[in-house]
Amino acid sequence: MKTVVAGALGECVHVAGVMNFLRLAETAGWRTVFLGTAVSVEEVLDAARREQADMVGVSYRLTPETGERLLAEFAEEADELRAAGVRFAFGGTPPMAGRARAIGFFERVFEGGEPAEAVMEGKDNEQ
């Protein structure tokens with residue numbers, strides 16, 4: 009069974025989207041691990057290793073400038089996992105989703121307006 013770990017990154021406490029993403033993954037047969045709110049980059053990556061995650065989902069819905077720096081740090085720290093085949097997804101506000109896409113690290117980027125079918129089929133708002 010594939011495993012996905014997900015949580016709200018940095019100081020962000022908004023998890024409705026994370027919970028929805030995990031619910032959809034569970035429905036699709038994935039084992040899900042909710043990391044919680046305001047999770048550090050290190051905590052996310054430690055959990056990904058510990059749980060032998062196939063996918064890692066992070067969310068950030070606060071200030072885009074702060075979020076962009078946080079996502080750049082995350083991408084740099086997580087690059088080894090990505091090189092090992094772990095997939096990464098991001099969810100956030102449209103301004104944050106744009107910045108996440110610009111970083112070029114995340115396989116899938118969501119803004120919250122996608123229908124469940126699009127999430128499960130791997131389509132984001134850019135496709």
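So the number in this note's numbering is just where the residue sits in the sequence shown, counting from 1, plus 8. Here a beta-carbon is modelled for each residue, glycine too, at the ideal position from N, C-alpha and C. Predicted model only: the values in this text are computed from it and were never measured.
Inter-segment contact for the region 29-48 and the region 70-81 is absent: fewer than three beta-carbon pairs are separated by less than 8 Å. Non-local C-beta neighbours of A56 in its own chain, meaning closer than 7 Å and more than five positions away in sequence, comprise V13, V64, L89 and V94, ordered along the chain. Among the bridge pairs identified by DSSP, V117 is matched with F98. Shown here, L70 sits in coil according to DSSP, grouped into three states, outside any helix or strand.
Beta-bridge annotation (DSSP): R39 is paired with T11. In this structure A16 is in contact with S67, their Cβ atoms being roughly 5 Å apart against a cut-off of 8 Å.
DSSP, reduced to helix, strand and coil, places G106 within a helical segment of the structure shown. In its chain, beyond the 5 residues on either side, V49 have a beta carbon closer than 7 Å to the beta carbon of E81. A Cβ-Cβ contact shorter than 8 Å links A97 with R116.
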